[in-house]
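Protein chains in written order, with my numbering: chain E, 7 to 145; chain Y, 489 to 967.
Note that beta-carbon positions come from the ideal geometry of N, C-alpha and C, so glycine has one too.
Following: one structure in structure tokens, then a few remarks.
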């Protein structure tokens, strides 16, 4: 079922890509060229549609469906939190929060490890990137 | 001499040692191979001069290849495809109480294969560079077409169409942004963040490091503790005598396969393992030596098209090509003429890197193995964190981080259903190069497509592409 959905998505992606390609605005001279800004994207999009169609006749690989999808969704949520926090707290505080959240989601409960990792890694990162390499983070 | 002088400066030697250690540590983490290791080190490399940065990357590359073999042997977790064949004989050898010997054989075979490849590269790189001086836009376009054909044709059985799918996805992603020749914006959805296209580090980190971390998190395979002592690392004379010819023929096979764009270390290691099964004595030691020597020689071999022609032969060399382009270097014949210290420095540092790896890793094997025992509850958050800051420190774009998460989920899903992801990376890197060279060739010929077949080298490469694309049909007929 998921495999079929992937194939349909790939086919739709190819079709959408071809549609967007047809909307690329060309200057009058380029339109006359044998190969212009649209030519290769047309080929790639059509190729993808064709491959997705051909794969529909192939037996998919056997995939074991994992029960750990909820924790994975939580990890994704932690990453989204990191992305949202980034402009407000800065890179290193957001990184500390990300590490802490992800370790908690993955089942780590020992306080020294939780705090040690989520404080020391951003601290080392800050020292290396901002102090040693003198990089300026534009946030 | 220029290369030796460049590679043997104290600072560059320090960087190659640092690269070897960092590469080994990253490569040992299941799921993180040479591509991820190199991608993770990109922010550090940007702070170095081009020679130092590339020399460090050569160390990272070798270190990661060797590190990957370590986890394949000890816990049967071949994080990258090129070490899958290593685990066939390496893991049973480790399970039979010879974990130290298995790691030592892998280290010696890697050293042999890498050194063999470096010597061959030293010999062939200049020859190919001279040949490459004849190569212009039409030939480049044909070569890239050849590389893309190879990627699909040399994919493992049953993987040809999935490889074509991911290659096409890579090509499509490569078209996002401002068209360099036409000046028009393509597939940007009026997003200013997409105007310059998608950064290759973003694609590498999302499809390899982050997607792999997700996959490992879902799989959560049980960890088995392994203990290795220094005494286990010695080989008897009879073993050396038995394994040297195996390493020799496997390294030669690996180098030849590695030079072919798109074939790469994975195919080389499988070929060598199969060859040894057919003509060898069938021992586990030989079964481990063959893929290890072959994948290291192939890794070096993939530098031939990269350094001499500017064509990436594998996913890893595609990342390295991106690093070189970021430094403002154009790999190819011009590099050897205009910046010989970088060209030869990288080649010599490959040999130095190999030697350093052997010297550093043999005594460290028992200690390095402990990293694998680090709980995944700590390891995976670190991998995820490093991937995200790796991209942010390269692009400084919050939008890119969102894009990265989307790509990682899509890549994880594709990989779970057997779609190989390395062709996507190759397609992405080659997309711009292919289009630019093809269109430039047509500009030179006033739009005449026949110009492409009038040039002998272009015609030859196009015929070669056509011939190798017939291999699947031929195989089907023979079967």
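Query: Nearest neighbour of residue 63 of chain E, chosen from E:85, E:14, E:35 [CA to CA]; Result: E:14
Query: Contact check, residue 596 of chain Y vs residue 723 of chain Y, beta carbons under 9 Å; Result: yes
Query: Runs of alpha helix (DSSP H) wholly within the stretch 897-944 of chain Y (minimum 4 residues, chain order); Result: 910-932, 939-942
Query: Residues that residue 580 of chain Y contacts on chain E, provided the C-beta gap is smaller than 9 Å; Result: Here the premise fails: no neighbours, minimum Cβ distance about 24 Å.
Query: Contacts that residue 667 of chain Y makes with chain E (C-beta to C-beta distance below 7 Å); Result: 43
Query: Those runs of the beta strand (DSSP E) which lie wholly inside the stretch 626-712 of chain Y and span at least 3 residues; Result: none
Query: Rounded straight-line distance, which links the Cα of residue 684 of chain Y to that of residue 134 of chain E; Result: 28 Å
Query: Short-range partners of chain Y found in the stretch 93-115 of chain E, where Cβ spacing is below 7 Å; Result: 93, 97, 101, 104, 105, 108, 109, 112, 113, 114
Query: Selected residue, minimal CA-CA separation from residue 912 of chain Y, among Y:924, Y:896, Y:682; Result: Y:896
Query: Length of the line joining the Cα atoms of residue 451 of chain Y and residue 11 of chain E; Result: Since the first residue shown for chain Y is 489 and the last is 967, residue 451 of chain Y is missing from the structure and cannot be characterised.
Query: Partner residues on chain Y for residue 40 of chain E, Cβ-Cβ distance less than 7 Å; Result: 930, 935, 937
Query: Near-chain Y residues of the stretch 42-61 of chain E - C-beta to any C-beta below 8 Å; Result: 42, 43, 46, 47, 50, 51, 53, 54, 57, 58, 60, 61
Query: Minimum C-alpha distance to residue 775 of chain Y - residue among Y:787, Y:759, Y:786, Y:789; Result: Y:759
Query: Nearest neighbour of residue 843 of chain Y, chosen from Y:662, Y:929, Y:900, Y:551 [CA to CA]; Result: Y:551
Query: Chain E contacts from the stretch 871-893 of chain Y (Cβ-Cβ distance under 8 Å); Result: 872, 873, 876, 877, 880, 881, 884, 886, 889, 890, 893
Query: Interface partners of residue 869 of chain Y on chain E, CB under 7 Å; Result: 105, 108, 109, 112
Query: Proximity test, Cβ basis, 9 Å: residue 135 of chain E and chain Y; Result: yes
Query: Rounded straight-line distance, which links the Cα of residue 30 of chain E to that of residue 653 of chain Y; Result: 23 Å
Query: Interface residues of chain E facing residue 675 of chain Y [CB-CB closer than 9 Å]; Result: 23, 26, 27, 30, 47
Query: Rounded separation between residue 60 of chain E and residue 922 of chain Y - CA only; Result: 25 Å
Query: C-beta atoms of residue 692 of chain Y and residue 807 of chain Y nearer than 9 Å; Result: yes
Query: Three-state class that DSSP yields for residue 7 of chain E in the structure shown; Result: coil
Query: Proximal residues to residue 88 of chain E (C-beta, below 6 Å), its chain only, five neighbours per side dropped; Result: 100, 104
Query: Amino acids of chain Y, ordered along the chain, whose beta-carbon sits closer than 8 Å to that of residue 7 of chain E; Result: Within 8 Å Cβ-Cβ: nothing; residue 7 of chain E doesn't reach chain Y, min ~12 Å.
Query: Cβ neighbours of residue 630 of chain Y in the same chain (closer than 6 Å, five flanking residues each side left out); Result: 946, 949, 950
Query: Within chain E, the residues that residue 702 of chain Y reaches when beta carbons sit closer than 9 Å; Result: 78, 81, 82
Query: Residue environment, residue 958 of chain Y, which counts as buried when at least 16 other CB atoms sit within 10 Å; Result: exposed
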